[in-house]
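Let me begin by presenting the structure, written as structure tokens, before commenting on it.
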DNA sequence: AGTTAAAGGTGGTCTGACCACTATAGAACG
DNA sequence: CGTTCTATAGTGGTCAGACCACCTTTAACT
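Below is the structure:
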């Protein structure tokens with residue numbers, strides 16, 4: 022029996038839209054034809070067109086505004102990463118994996134922020150720690166949220182936030198109080214190389230396989 | 022005027038499916054409820070359910086077989102990558118975020134694998150490098166896939182794979198040939214502390230993503 | 001018991017019908 | 001003339017129902 026490919030309609034629609042964008046040289050912000058137009062032009066049902074568009078929207082390739090239309094968007098993988106990560110996180114993470122991965126990200130963020138953080142911002146970090154209104158776990162989140170923002174790496178921020186959200190559902194993870202103070206101290210004394218050691222010192226536990 | 026969030030139905034369906042998977046502890050290969058069942062259970066139209074499923078399919082999270090059903094898949098985002106690569110506008114900021122995040126993960130994996138890797142496995146790494154059938158970029162993937170498996174941290178593996186797939190859609194990233202050799206050497210000589218320096222040395226300034 | 005045909009379940013697709021929202025043309029007003 | 005308001009048309013959002021193609025299961029037949 023000849024196994025014809027038999028691609029689904031929405032795949033074809035996807036391809037057509039792609040070609041349309043290329044042919045008309047559409048740029049982010051430009052408007053796509055309406056769903057009804059596309060369905061008519063491509064000789065497909067509107068529902069099939071929508072399946073393709075919805076998938077594109079979920080990936081962040083387009084944005085839709087009710088009553089206005091569908092617009093090409095400036096693609097960034099962050100949205101996709103966020104979506105996929107949410108599945109990855111729920112499906113296979115053990116507590117240990119999660120804690121260790123989170124630690125790794127926090128450590129690297131601390132190092133990346135090193136060269137980008139100034140005295141004024143170090144003061145902000147101190148203020149976070151001094152805020153007695155917050156619980157320890159809240160301080161941890163606020164502290165590292167600030168640090169991660171300094172890395173100027175939106176992708177890193179997104180991944181960490183997801184893991185933070187997820188881990189909070191299972192357990193509150195934070196370091197000893199002195200840890201944060203010492204990290205600030207390293208920022209002040211410009212001791213980049215000690216950051217790695219600081220993390221190792223405060224987190225060597227059963228989760229870390231290294232000997 | 023109260024601006025209600027007004028999330029679209031297919032977003033809700035997506036979340037419900039995610040929760041269903043978690044609650045029932047579904048594993049790759051397991052069957053999801055039929056589209057009609059889902060529509061009925063979630064009180065949504067079948068077309069809305071399909072929009073969510075189609076998006077998941079495009080992401081490679083599920084596979085659908087006509088006449089049989091919808092099944093949870095072992096996440097392999099190749100299809101996504103292929104699709105996205107034709108839409109992606111290569112933004113430098115995005116690329117930099119990706120490359121840096123990937124590097125961080127690879128470095129930490131290399132360190133985590135340190136204590137878990139034995140002589141036999143070091144030999145395997147050498148074999149990967151020696152395989153002349155592969156392109157450099159393929160060697161990179163094979164090499165680090167092996168390293169990541171040694172970390173015994175499934176979450177780390179998944180996140181790295183995600184980064185790897187995305188970066189591959191934009192640009193092939195790998196290190197100089199000598200980098201891999203030197204890393205192996207560090208495994209042999211048990212020089213844990215030099216791993217960090219090795220990565221810093223080979224990845225300072227611009228990243229080399231040559232073909 | 002083995003084979004075959006019918007029935008039911010599932011995804012794939014289309015159509016038509018509403019709804020909610022937005023932009024716009026044209027009427028009404030000052 | 002210009003402004004404001006309003007009816008209308010266009011757009012995405014959603015649903016229900018109807019087929020089709022395909023697969024599995026069941027039942028009937030030999």
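Residue numbers (our numbering), protein chains in the order written: chain A, 22 to 232; chain B, 22 to 232. We treat Cβ as the ideally placed atom computed from N, Cα and C, and that holds for glycine.
**OP:** Count the other CB atoms, across all protein chains shown, that sit within 10 Å of the CB of residue 189 of chain A; report buried if there are 16 or more and exposed otherwise.
**Re:** On the first chain, residue 189 of chain A is found 168 positions in, with the first residue counted as 1. So residue 189 of chain A ends up on the exposed side.
Original post:
Nearest to residue 220 of chain B by alpha carbon, out of B:84, B:67, B:124?
Top reply: Sequence index remark: in the second chain, residue 220 of chain B carries index 199 (1-based). Closest option to residue 220 of chain B, Cα to Cα, is B:124.
Subject >> Positions along the stretch 123-156 of chain A whose CB lies within less than 7 Å of some CB in chain B >> reply: Listed in sequence order: 125, 129.
Original post:
Under 9 Å between C-beta atoms, does residue 121 of chain A make it to chain B?
Top reply: As a first step, residue 121 of chain A must be located in the first chain, where it is residue number 100. It does; some Cβ of chain B falls within 9 Å.
Original post:
First and last residue of the beta strand (DSSP E) that includes residue 93 of chain A?
Top reply: Translated into positions along the first chain, residue 93 of chain A becomes position 72. Counting along the chain, the unbroken beta strand (DSSP E) around residue 93 of chain A starts and ends at 90-93.
Original post:
Would the beta-carbon of residue 55 of chain B fall within 9 Å of that of residue 88 of chain B?
Top reply: Residue 55 of chain B sits at position 34 when you count from the first residue of the second chain. Residue 88 of chain B sits at position 67 when you count from the first residue of the second chain. Result no, Cβ atoms of residue 55 of chain B and residue 88 of chain B do not sit closer than 9 Å.
Subject >> Nearest to residue 106 of chain A (by Cα), restricted to the options B:121, B:130, B:135, B:80 >> reply: Against the first chain, residue 106 of chain A aligns to sequence position 85. Per the Cα distances, B:80.
**OP:** Count the C-beta pairs between the stretch 158-176 of chain B and the stretch 190-200 of chain B that are closer than 8 Å, then say yes if the count reaches three, no if not.
**Re:** Result yes; three or more Cβ-Cβ pairs closer than 8 Å.
Original post:
Within the 9 Å Cβ cut-off, does residue 33 of chain A reach chain B?
Top reply: As a first step, residue 33 of chain A is located in the first chain; it is residue number 12 there, counting from the start. Not an interface residue.
Original post:
Where in the stretch 30-94 of chain A do unbroken runs of the beta strand (DSSP E), each at least 3 residues long, occur, reported from the N-terminal end onward?
Top reply: Counting only runs of 3 or more, we get 83-86, 90-93.
**OP:** For residue 200 of chain B, decide whether its Cβ has a neighbour in chain A, counting only Cβ atoms nearer than 9 Å.
**Re:** Numbered from 1 along the second chain, position 179 holds the residue referred to as residue 200 of chain B. Answer no: the Cβ-Cβ gap between residue 200 of chain B and chain A never drops below 9 Å.
Subject >> residue 133 of chain A vs residue 205 of chain A beta-carbon contact at 9 Å >> reply: Position 112 of the first chain, counted from the first residue, corresponds to residue 133 of chain A. Position 184 of the first chain, counted from the first residue, corresponds to residue 205 of chain A. Not closer than 9 Å, so no.
Subject >> Min CB distance residue 228 of chain B to chain A below 9 Å >> reply: Looking up residue 228 of chain B in the second chain gives position 207. Confidence at residue 228 of chain B is low in this model, with a pLDDT of 38, below 50, so the placement of that residue is unreliable and no value is reported for it.
Original post:
Taking Cβ positions only, does residue 210 of chain B come closer than 9 Å to chain A?
Top reply: Here residue 210 of chain B refers to the residue found at position 189 of the second chain. Residue 210 of chain B does not count as touching chain A.
Original post:
Would you say residue 187 of chain B reaches chain A, if we count a Cβ-Cβ gap shorter than 9 Å as a contact?
Top reply: Here the question's residue 187 of chain B lines up with position 166 in the second chain. By this cut-off, residue 187 of chain B is an interface position.
Subject >> Neighbour list for residue 68 of chain A in chain B, Cβ cutoff strictly below 7 Å >> reply: Within the first chain, residue 68 of chain A is the residue found at index 47, counting from 1. Going along chain B in sequence order, the residues near residue 68 of chain A (Cβ under 7 Å) are 68.
Original post:
Just to confirm, are residue 131 of chain A and residue 38 of chain A a CB contact at a threshold of 9 Å?
Top reply: Position 110 of the first chain holds residue 131 of chain A. Position 17 of the first chain holds residue 38 of chain A. Going by C-beta atoms, residue 131 of chain A is not nearer than 9 Å to residue 38 of chain A.
Original post:
Along the chain, where does the alpha helix (DSSP H) that runs through residue 122 of chain B open and close?
Top reply: Taking the first residue of the second chain as position 1, residue 122 of chain B is located at position 101. Start and end: 113-135.
Original post:
According to a CB-to-CB cut-off of less than 7 Å, which residues of the stretch 55-79 of chain A neighbour chain B?
Top reply: Listed by position along the chain: 68, 71, 72, 75, 76, 79.
Original post:
Counting only runs that start and end within the stretch 131-169 of chain B, where is the alpha helix (DSSP H) found for 4 or more residues in a row?
Top reply: List check, alpha helix (DSSP H) in window: 140-151.
Original post:
Beta-carbon of residue 39 of chain B versus every beta-carbon of chain A: anything under 9 Å?
Top reply: The residue you call residue 39 of chain B lines up with position 18 of the second chain. So yes, residue 39 of chain B belongs to the interface.
**OP:** Can you say whether residue 199 of chain A is buried or exposed, counting buried as having 16 or more other CB atoms within 10 angstroms of its CB?
**Re:** What you label residue 199 of chain A is simply residue 178 of the first chain in a count that begins at 1. Residue 199 of chain A counts as exposed, since fewer than 16 other C-beta atoms from the protein chains shown sit within 10 angstroms of its C-beta.
Original post:
For residue 213 of chain B, which residues from the same chain have a beta carbon less than 6 Å from its beta carbon, with the 5 sequence-adjacent residues on both sides left out?
Top reply: Here residue 213 of chain B refers to the residue found at position 192 of the second chain. The beta carbon of residue 213 of chain B is closer than 6 Å to those of 135 in its chain, skipping five residues each way along the sequence.
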